[in-house]
Amino acid sequence: RKEVEQDPGPFNVPEGATVAFNCTYSNSASQSFFWYRQDCRKEPKLLMSVYSSGNEDGRFTAQLNRASQYISLLIRDSKLSDSATYLCVVKFTGGGNKLTFGTGTQLKVEL
Amino acid sequence: GAVVSQHPSRVICKSGTSVKIECRSLDFQATTMFWYRQFPKQSLMLMATSNEGSKATYEQGVEKDKFLINHASLTLSTLTVTSAHPEDSSFYICSALSGGAWGETQYFGPGTRLLVL
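As they're listed, the protein sequences go chains A and B. For what it's worth, our numbering labels the leading residue of the first sequence as 17, then goes sequentially. For what it's worth, our numbering labels the leading residue of the second sequence as 192, then goes sequentially.
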């Protein structure tokens with residue numbers, strides 16, 4: 017079983033739609049959680065950290081469920097520029113500052 | 192945010208040659224840098240942790256004699272792919288660890304595309 021699992025997609029949605037991505041992690045001793053965005057042939061960029069109480073940044077909302085070992089990302093009012101691959105990233109306790117990446121979920125926002 | 196550069200951005204080399212990739216933190220000092228590799232449609236895989244002034248720590252399955260890492264200063268880490276083979280063709284990305292009020296954050300370089308013919 018992969019340490020961090022995501023549905024690879026692609027998710028094809030019309031502009032203005034709301035879309036949600038899910039991610040599960042296998043190591044219960046997980047410390048920190050992040051969503052990164054990676055555009056085609058580019059490096060990943062931090063989108064947002066995920067906090068236990070859930071957090072929102074504009075059109076983006078992240079949720080964490082430690083009991084189910086599950087993280088989600090909700091994007092409201094999708095824009096064409098949101099098209100990218102969204103990477104679920106986990107930092108495990110005892111792993112130092114190492115990050116473990118999921119394979120990513122591809123989003124395509126269409127007119 | 193902090194800036195990390197990589198050089199070269201892309202390189203094509205012949206099988207059997209060595210390729211050096213540089214990773215620089217431009218506006219902060221980084222005692223720790225990380226080297227990742229990403230194959231098409233796969234996730235980033237950590238290859239090694241580069242520590243300034245000491246030996247790198249390699250992940251399981253990564254050959255330290257093939258992927259030489261040198262972290263000679265607080266702003267520069269280099270990865271040398273020795274005796275490159277076509278299967279080493281990949282996207283190599285570095286990151287640098289920056290401390291801050293909210294903890295440490297990894298900032299990624301733009302990556303280096305390596306094609307071994």
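For glycine and all other residues, C-beta sits at the position ideal for the given N, C-alpha and C. Since the structure is predicted, the reported quantities are computational estimates derived from the model, not experimental observations.
Does residue i get closer than 8 Å to chain A when you measure Cβ to Cβ?
i: B:Ile284; result: yes
i: B:Pro301; result: yes
i: B:Glu295; result: yes
i: B:Leu288; result: yes
i: B:Leu237; result: yes
Look up residue i in the DSSP assignment and give the residues it is bridged to.
i: A:Asp73; result: A:Phe76
i: A:Asn81; result: A:Tyr86
i: B:Tyr227; result: B:Leu237 and B:Ile284
i: A:Ala36; result: A:Leu90
i: A:Thr101; result: A:Gln54 and A:Gln122
When you compare the CB of residue i with every CB in chain B, is at least one pair closer than 8 Å?
i: A:Pro26; result: no
i: A:Asn43; result: no
Can you tell me which of the options puts its alpha carbon nearest to the alpha carbon of residue i?
i: A:Gln122; options: A:Cys104, A:Arg75 and A:Arg92; result: A:Cys104
i: A:Asn81; options: A:Pro24, A:Cys39, A:Gly25 and A:Glu126; result: A:Cys39
i: B:Gln233; options: A:Glu126, A:Phe117 and A:Leu127; result: A:Phe117
i: B:Ser268; options: B:Ala221, B:Cys204 and B:Lys205; result: B:Ala221
i: A:Arg57; options: B:Ile284, B:Glu295 and B:Gln297; result: B:Ile284
i: A:Glu21; options: A:Glu59, A:Ala78, A:Ser42 and A:Met64; result: A:Ser42
i: B:Gly207; options: B:His276, B:Arg201 and B:Thr271; result: B:His276
i: A:Pro30; options: A:Ser68, A:Thr109, A:Tyr102 and A:Lys95; result: A:Lys95
I need the boundaries of the beta strand (DSSP E) containing residue i, first residue and last residue.
i: B:Tyr298; result: Thr296 to Phe299
i: A:Tyr67; result: First-last for A:Tyr67: undefined, no H or E at that position.
i: B:Val210; result: Val210 to Ser216
For a contact defined as C-beta to C-beta under 7 Å, what are the partners of residue i on chain E?
i: A:Glu59; result: Of the protein chains in the structure, A and B, none is chain E.
Under 9 Å Cβ-Cβ, which residues of chain B neighbour residue i?
i: A:Thr119; result: Lys232, Gln233 and Ser234
Applying a beta-carbon distance threshold of less than 8 Å, which residues of chain A neighbour residue i?
i: B:Thr223; result: Asn113
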